[in-house]
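> Chains as they are written, first to last, in our numbering: chain P, 1136 to 1502; chain X, 1136 to 1502; chain H, 1136 to 1502.
For every residue, glycine included, the Cβ atom is placed at its ideal position computed from N, Cα and C.
Okay, handing you the structure first.
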Amino acid sequence: MTANGEYGFKHAYQGFPLNAWYVAAFSHELGDKPLVRRICGDLVVMFRTANGEAVALLDRCPHRATPLSMGTVVGNAIQCGYHGMEFGPGGKCVKIPSQARIPERMKARAYPIAEIWKWIWIWPGDPEKADPALIPDHHELKLTDKSWNAMPQFIVPMSGSAEMLHENLLDTTHITFLHKGAFDSGGMATTEPKMEIKGNAIRVWRELEETATAMTARSFEIVEGVTYKRSLITEARVPHLEIVSNVFEDPAGREATRIRTSVIAVTPGGPQLCYQINTLVTNYGSLRTMQFKSAEAQQMIERVKGVIHQDRDMIGAIQANYAEAGDEIGEVSVHADKAALEFRRKMVEMINAERNAAAARATRSAG
Amino acid sequence: MTANGEYGFKHAYQGFPLNAWYVAAFSHELGDKPLVRRICGDLVVMFRTANGEAVALLDRCPHRATPLSMGTVVGNAIQCGYHGMEFGPGGKCVKIPSQARIPERMKARAYPIAEIWKWIWIWPGDPEKADPALIPDHHELKLTDKSWNAMPQFIVPMSGSAEMLHENLLDTTHITFLHKGAFDSGGMATTEPKMEIKGNAIRVWRELEETATAMTARSFEIVEGVTYKRSLITEARVPHLEIVSNVFEDPAGREATRIRTSVIAVTPGGPQLCYQINTLVTNYGSLRTMQFKSAEAQQMIERVKGVIHQDRDMIGAIQANYAEAGDEIGEVSVHADKAALEFRRKMVEMINAERNAAAARATRSAG
Amino acid sequence: MTANGEYGFKHAYQGFPLNAWYVAAFSHELGDKPLVRRICGDLVVMFRTANGEAVALLDRCPHRATPLSMGTVVGNAIQCGYHGMEFGPGGKCVKIPSQARIPERMKARAYPIAEIWKWIWIWPGDPEKADPALIPDHHELKLTDKSWNAMPQFIVPMSGSAEMLHENLLDTTHITFLHKGAFDSGGMATTEPKMEIKGNAIRVWRELEETATAMTARSFEIVEGVTYKRSLITEARVPHLEIVSNVFEDPAGREATRIRTSVIAVTPGGPQLCYQINTLVTNYGSLRTMQFKSAEAQQMIERVKGVIHQDRDMIGAIQANYAEAGDEIGEVSVHADKAALEFRRKMVEMINAERNAAAARATRSAG
Chain P
1136 MTANGEYGFK HAYQGFPLNA WYVAAFSHEL GDKPLVRRIC GDLVVMFRTA NGEAVALLDR
1196 CPHRATPLSM GTVVGNAIQC GYHGMEFGPG GKCVKIPSQA RIPERMKARA YPIAEIWKWI
1256 WIWPGDPEKA DPALIPDHHE LKLTDKSWNA MPQFIVPMSG SAEMLHENLL DTTHITFLHK
1316 GAFDSGGMAT TEPKMEIKGN AIRVWRELEE TATAMTARSF EIVEGVTYKR SLITEARVPH
1376 LEIVSNVFED PAGREATRIR TSVIAVTPGG PQLCYQINTL VTNYGSLRTM QFKSAEAQQM
1436 IERVKGVIHQ DRDMIGAIQA NYAEAGDEIG EVSVHADKAA LEFRRKMVEM INAERNAAAA
1496 RATRSAG
Chain X
1136 MTANGEYGFK HAYQGFPLNA WYVAAFSHEL GDKPLVRRIC GDLVVMFRTA NGEAVALLDR
1196 CPHRATPLSM GTVVGNAIQC GYHGMEFGPG GKCVKIPSQA RIPERMKARA YPIAEIWKWI
1256 WIWPGDPEKA DPALIPDHHE LKLTDKSWNA MPQFIVPMSG SAEMLHENLL DTTHITFLHK
1316 GAFDSGGMAT TEPKMEIKGN AIRVWRELEE TATAMTARSF EIVEGVTYKR SLITEARVPH
1376 LEIVSNVFED PAGREATRIR TSVIAVTPGG PQLCYQINTL VTNYGSLRTM QFKSAEAQQM
1436 IERVKGVIHQ DRDMIGAIQA NYAEAGDEIG EVSVHADKAA LEFRRKMVEM INAERNAAAA
1496 RATRSAG
Chain H
1136 MTANGEYGFK HAYQGFPLNA WYVAAFSHEL GDKPLVRRIC GDLVVMFRTA NGEAVALLDR
1196 CPHRATPLSM GTVVGNAIQC GYHGMEFGPG GKCVKIPSQA RIPERMKARA YPIAEIWKWI
1256 WIWPGDPEKA DPALIPDHHE LKLTDKSWNA MPQFIVPMSG SAEMLHENLL DTTHITFLHK
1316 GAFDSGGMAT TEPKMEIKGN AIRVWRELEE TATAMTARSF EIVEGVTYKR SLITEARVPH
1376 LEIVSNVFED PAGREATRIR TSVIAVTPGG PQLCYQINTL VTNYGSLRTM QFKSAEAQQM
1436 IERVKGVIHQ DRDMIGAIQA NYAEAGDEIG EVSVHADKAA LEFRRKMVEM INAERNAAAA
1496 RATRSAG
């Protein structure tokens, strides 16, 4: 922040840390048909073995660089579609049809993987650093807390950096303009936000007095015409999550507080590609009994997706402008960008720490 | 020119001068819907304020690089579609919804702009050098001369450098081959052209005796079967115009001379993109009463556009060959290329002068 | 090969020798409509003059870089579609419409060309080295041997290097997996291949005992249920041919041996483009009377093409992985790759010899 209270600098998007857990898929996407998704720059093929184990491999056969995803899941392995070599969990080669001996170096690159709740987490960086303790607590996220309701919703790929999507979610001013009429009574952009930082969490929120309309009464199961304390809270977990909560609280305390949260995994696809992976969590009502595949749930999901597509289009357009002008494009920041700028600072810290560690290793092995 | 009267060298297309006025649009294209066009490498958004003023801005919000063209014209400004900042004439920020104070550096890049006759001129280079006296005299071009008739026709984007389009218009030999049957009695390619240079104008012309056919009699309002002196005159104004005139003169002086001129703005879009922006001017007849939106005018415009599309396809194909082989592609020139080579020489002079001035400034500020 | 009997190295695809004859087209493709095909990186325009002579020129007019293929074949020359210049065999300019004198340097680049049997061979490298004696003997290939039957089939462009296609054809293990069910009784991948090298020929083959099924009996005109010695022989001729023969031999000698050969020209289009140009040759039966344009022949051709499209898709996918990861992608080879690795070695030898000769010439002319 400069002396006169303004942020302003040339910004270069830094990419993303590799030594981190990212959500790569929903559980229900994995089966005996190979699924390919670009994660942190790599093409990753994911499948589920006959034993039910989730596997994530680099989508490239170590023999002749064929995409393994063009092959077939055979038992507990994936068979390459070109010369028939088979690779199982951990990337281990279990068969070479044209010879009995399996060379030691014949291994597919495997990603550390964890299937928790309905999420598939993978670790794109150094496998030796892949500590499962670094995966966020799914109970604390209310995903596995039985007193809450959680429903996986959708994945929207966006043609922009993951950092741009984090910034989008941290500056809720955009709700008033980009999503005009969708969520907001109009006061969101002009209300001063508050901020709090703890470890890798950046929490920013706005509080309003709001009288429930027919629509909000229906969504939040509250009483039309009554005035509530409404909060919009965004909590970033650097580098992989954004937790966006809408809270309606009755100041008179007659009704229980309603909380409706989007737990959003933000996963880098590449320098100009990311995914918004949405899950809905509520502490009340109808979600408890709603089936994911029901027409009612699908309609709700499509409605939210329509709004997220506005973010996708905007982020794609910004990325195109960066592609035009290079990463050294100018920027002028305002107070509402505070949380996003803190997020950037933490991302850059993580990325630099990774780079410095790599440089130190290179020096040691050369020395 | 080499000793034996031949031109021949490796040619590298040089780009275009930035410190120049170029036609960016027709007046009727500007309104309260943002218009985006790439001019001299920049994406430029143009609109007309509620006051009727034409505005041209870089299509990039200074806050977070959003294309302003995704926003909305609101009163005398354009409102960014992401966080609602507003920018008016000169790129001045007039509103930031989330705070009262407008930081000094929050400015959109604005292009000097002039609306004259039905043309929007902009200056893509250093705004301090944007002297309105450098805009060509529209009266002398017959655009604002009431004794002539002028009608804006069309804009054809081409996937090649502006220089290639100037060369196309300066070597009218191509009429016989590329536009076979469209304009020419066949003698154009074999008639020796004459040339004259004055300031930034290069004038090249061919003179023939030609007996009016039914078609030329109708177009030029002359008498079928009578033999006229016909001239085809191309005048380049470096770097932004080509004025192509067809003249039928009665040697016996019984009829007034007929002049039918295409005043063509040639505007660079980027290194491999340009626009041919056509206006028709005549000193006689039917154009006087023809309405631009009439079916008759639109048919005439479509007919000419069809021919220009042949130029567009050829220029796109040449540019693709340059993309193949690099700018150091070989060339062998002939006498008919003389005017085009003079044009190149003047373009290179302007571009070099710009570069030298920039280098001198850099030296001074470092010294 | 490493000590433990494994191949394994970082592989960078090397491109292709230019000083070599390659099949550029089938004879029947050339006529008075210009045909453009990318050969060894160049866009080559081919046509047949009024005299019936085949001509191959760089698809770029020496005057202003126009694709000559946008022009018209006029008598024994091709007329440029822009300013009408005409170029004949050897690239000689025979007409400039706007002047009488033809400058010495006004020449189109011409490729040495030979029309033999139904193939058009061209030499993309130094024309002075284009020795017709280096063209393979078409009689020995059975193409012009009247006791055999030869039919041109199809050209399939592939988005990968020519080297990848040669390797595909030399490691027939892939037949079992990529072409599952098309050719193979399943034993191909697990039978040990033999190899023999002579000059620029690398011959690799597998021998099986095989009982004729209804399908093989029909194709090879042999007796269902009888057990034959079956051989699959691939012979590479570096750098331009692959000759793939299927042989059924009756061990009891009651029937004549049946040979069915695909004579495949492998022609580089560019670093990431090649063509598989197929011709079928048999020493027996139905092909003798089958007309190329008959429905029966076309059905057979389409059937084979369907299988080749599986190779095309796989090679395109591998090339995409190389584009992802750079030419320094890792590889682990197995015994079945032996012939392909020998092929690579010979290609690299040819390419290096060419480069060294070019470097030596440069040194001499500088010295």
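Just by C-beta distance, which residues in the stretch 1310-1340 of chain H are closer than 7 Å to chain P?
Residues passing the 7 Å Cβ filter: THR1311, PHE1312, LEU1313, ALA1324, THR1325.
> Kindly list, in the order they appear in chain X, the residues whose Cβ is closer than 7 Å to that of VAL1379 (chain P).
Position 244 of the first sequence, counting from 1, holds the residue named residue 1379 (chain P). The contacting residues do not exist; VAL1379 (chain P) stays about 17 Å from chain X at best.
> Which chain X residues sit within Cβ distance under 7 Å of GLU1477 (chain P)?
Counting from one through the first sequence, the residue named residue 1477 (chain P) turns up at place 342. Against GLU1477 (chain P), chain X offers no close residue; the least beta-carbon distance is about 16 Å (beta-carbon pairs closer than 7 Å).
> Please decide whether VAL1469 (chain X) counts as near chain H, where near means a Cβ-Cβ distance under 9 Å.
Translated into the one-based positions of the second sequence, residue 1469 (chain X) becomes position 334. Answer yes: the Cβ-Cβ gap between VAL1469 (chain X) and chain H drops below 9 Å somewhere.
> Comparing the C-beta of ARG1195 (chain H) with each C-beta of chain B, is any distance below 9 Å?
Among the chains of the structure shown, chain B does not appear; the protein chains present are P, X and H.
> Using the beta-carbon count (16 or more within 10 Å), is ASN1154 (chain P) buried or exposed?
If you number the first sequence from 1, residue 1154 (chain P) lands on position 19. Classification of ASN1154 (chain P): buried, given that the 10 Å Cβ count is 16 or more.
> With DSSP run on the structure shown, which of helix, strand or coil describes LYS1227 (chain H)?
On the third sequence, residue 1227 (chain H) is found 92 positions in, with the first residue counted as 1. LYS1227 (chain H): strand per DSSP, three-state reduction.
> Going by CA-CA distance only, name the one from H:SER1233, H:GLN1234, H:VAL1209 that's closest to PHE1222 (chain H).
As a position in the third sequence, residue 1222 (chain H) is number 87, starting the count at 1. Per the Cα distances, H:VAL1209.
> Tell me whether the stretch 1365-1385 of chain P and the stretch 1329-1348 of chain P touch, counting them as touching only if at least three CB pairs, one residue from each stretch, are closer than 8 Å.
Yes, the stretch 1365-1385 of chain P is in contact with the stretch 1329-1348 of chain P.
> Would GLY1219 (chain H) pass as an interface residue toward chain X - the criterion being a Cβ-Cβ separation below 9 Å?
Translated into the one-based positions of the third sequence, residue 1219 (chain H) becomes position 84. Chain X, which has a Cβ nearer than 9 Å to the Cβ of GLY1219 (chain H), makes this yes.
> Curious, which full-length beta strand (DSSP E) runs of at least 3 residues does the stretch 1395-1450 of chain P contain?
1408-1417
> According to DSSP, is GLN1454 (chain P) helix, strand or coil?
What you label residue 1454 (chain P) is simply residue 319 of the first sequence in a count that begins at 1. Reduced to three states, the DSSP call for GLN1454 (chain P) is helix.
> Residues of chain H with CB closer than 8 Å to the CB of ILE1231 (chain P), please, in chain order.
The residue you call residue 1231 (chain P) lines up with position 96 of the first sequence. Ordered by position in chain H, the residues that pass the 8 Å Cβ test against ILE1231 (chain P) are VAL1469.
> Below 8 Å on the Cβ atoms is my contact criterion, and I expect THR1201 (chain P) with MET1449 (chain H) to pass it. Report the Cβ-Cβ distance as a whole number of Å.
Looking up residue 1201 (chain P) in the first sequence gives position 66. Looking up residue 1449 (chain H) in the third sequence gives position 314. Yes, they are in contact, since the Cβ atoms of THR1201 (chain P) and MET1449 (chain H) sit about 7 Å apart, within 8 Å.
> Classify ASP1177 (chain P) as buried or exposed, calling it buried when 16 or more other Cβ atoms lie within 10 Å of its own Cβ.
Position 42 of the first sequence holds residue 1177 (chain P). Here ASP1177 (chain P) is buried. Its C-beta has 16 or more other C-beta atoms within 10 Å.
> Strictly below 7 Å CB to CB, what residues from chain X border ALA1452 (chain P)?
Against the first sequence, residue 1452 (chain P) aligns to sequence position 317. By Cβ distance, chain X contributes THR1201, PRO1202, MET1205.
> From the DSSP output, read off the bridge partner residues of PHE1383 (chain X).
On the second sequence, residue 1383 (chain X) is found 248 positions in, with the first residue counted as 1. X:ARG1365, X:ARG1393.
> Could you give the C-beta distance for GLN1411 (chain H) and MET1293 (chain H), rounded to a whole number, given that I count them as a contact under 8 Å?
By 1-based counting over the third sequence, the position of residue 1411 (chain H) is 276. By 1-based counting over the third sequence, the position of residue 1293 (chain H) is 158. Yes, they are in contact, since the Cβ atoms of GLN1411 (chain H) and MET1293 (chain H) sit about 6 Å apart, within 8 Å.
> State the DSSP-derived secondary structure class of ASN1491 (chain P), mapped to helix, strand or coil.
Here residue 1491 (chain P) refers to the residue found at position 356 of the first sequence. Three-state DSSP puts ASN1491 (chain P) in a helix.
> Tell me the residue span of the alpha helix (DSSP H) that contains MET1181 (chain H).
Looking up residue 1181 (chain H) in the third sequence gives position 46. Segment 1177-1183 is the beta strand (DSSP E) holding MET1181 (chain H); no alpha helix (DSSP H) there.
> Which of the three DSSP states, helix, strand or coil, is assigned to MET1485 (chain H)?
The sequence position of residue 1485 (chain H) within the third sequence is 350, counting from 1. Three-state result, MET1485 (chain H): helix.
> For ASN1303 (chain H), which residues from the same chain have a beta carbon less than 6 Å from its beta carbon, with the 5 sequence-adjacent residues on both sides left out?
In the third sequence, residue 1303 (chain H) corresponds to position 168, counting from 1. Contacts found: ASP1446.
> Would you please verify whether the beta carbon of GLN1407 (chain X) is less than 9 Å from any beta carbon of chain P?
As a working mapping, residue 1407 (chain X) is identified with position 272 in the second sequence. Closer than 9 Å: no.
> Could you confirm whether any beta carbon from chain X is found closer than 9 Å to the beta carbon of ALA1460 (chain P)?
For the purposes of this step, residue 1460 (chain P) is taken as residue 325 along the first sequence, with counting starting at 1. At least one C-beta of chain X is nearer than 9 Å to the C-beta of ALA1460 (chain P).
> Bridge partners for PHE1355 (chain H) per DSSP, in chain order?
Translated into the one-based positions of the third sequence, residue 1355 (chain H) becomes position 220. PHE1355 (chain H) pairs with nothing; no bridge assigned.
> Taking DSSP as the reference, what is the three-state secondary structure of THR1498 (chain H)?
Counted from its first residue, the third sequence places residue 1498 (chain H) at position 363. Note: THR1498 (chain H) maps to helix in three-state DSSP.
> With PRO1403 (chain P) and ALA1297 (chain P) assumed to form a contact (beta carbons below 8 Å), what rounded beta-carbon distance in angstroms separates them?
Looking up residue 1403 (chain P) in the first sequence gives position 268. Looking up residue 1297 (chain P) in the first sequence gives position 162. About 4 Å; that satisfies the 8 Å criterion.
> Tell me the DSSP secondary structure of ARG1338 (chain P) in three-state form.
In the first sequence, counting from the first residue as 1, residue 1338 (chain P) sits at position 203. Reduced to three states, the DSSP call for ARG1338 (chain P) is strand.
> If you follow the beta strand (DSSP E) that PHE1151 (chain P) is part of, which residue opens it and which one closes it?
The sequence position of residue 1151 (chain P) within the first sequence is 16, counting from 1. The continuous stretches of beta strand (DSSP E) do not include PHE1151 (chain P), and DSSP gives it neither H nor E.
> Strictly under 9 Å for the Cβ-Cβ distance: is ARG1172 (chain P) near chain H by that measure?
Start at 1 with the first residue of the first sequence, and residue 1172 (chain P) comes out as number 37. It does not; no Cβ of chain H falls within 9 Å.
> Tell me, please, which residues DSSP counts as bridged to PHE1312 (chain X).
For this step, residue 1312 (chain X) is matched to residue 177 along the second sequence. Answer is none; PHE1312 (chain X) lacks a bridge partner.
> Can you tell me which residues form a DSSP beta bridge with MET1330 (chain P)?
Your numbering for residue 1330 (chain P) matches position 195 in the first sequence. Answer by DSSP bridge pairing, in chain order: P:VAL1339.
> When you compare only the Cα positions, how much space is there between TYR1142 (chain H) and ALA1245 (chain H)?
In the third sequence, residue 1142 (chain H) corresponds to position 7, counting from 1. In the third sequence, residue 1245 (chain H) corresponds to position 110, counting from 1. In this prediction, TYR1142 (chain H) has a pLDDT of 39, which is less than 50 and means its spatial position is unreliable; what the coordinates show is noted afterwards. Going by the C-alpha atoms only, they are around 42 Å apart.
> If the cut-off is 8 Å on Cβ atoms, which residues from the stretch 1285-1314 of chain P count as contacting chain X, listed in chain order?
GLU1302, ASP1306, THR1308, HIS1309, THR1311, PHE1312, LEU1313
> Distance check for ALA1474 (chain X) and ALA1501 (chain X), CA to CA, integer angstroms please.
Locating residue 1501 (chain X) in the second sequence gives position 366, counting from the first residue. Locating residue 1474 (chain X) in the second sequence gives position 339, counting from the first residue. When rounded, the distance between both Cα atoms is 41 Å.
> Should TYR1410 (chain X) be flagged as near chain H, meaning a C-beta pair shorter than 9 Å?
As a first step, residue 1410 (chain X) is located in the second sequence; it is residue number 275 there, counting from the start. It does not; no Cβ of chain H falls within 9 Å.
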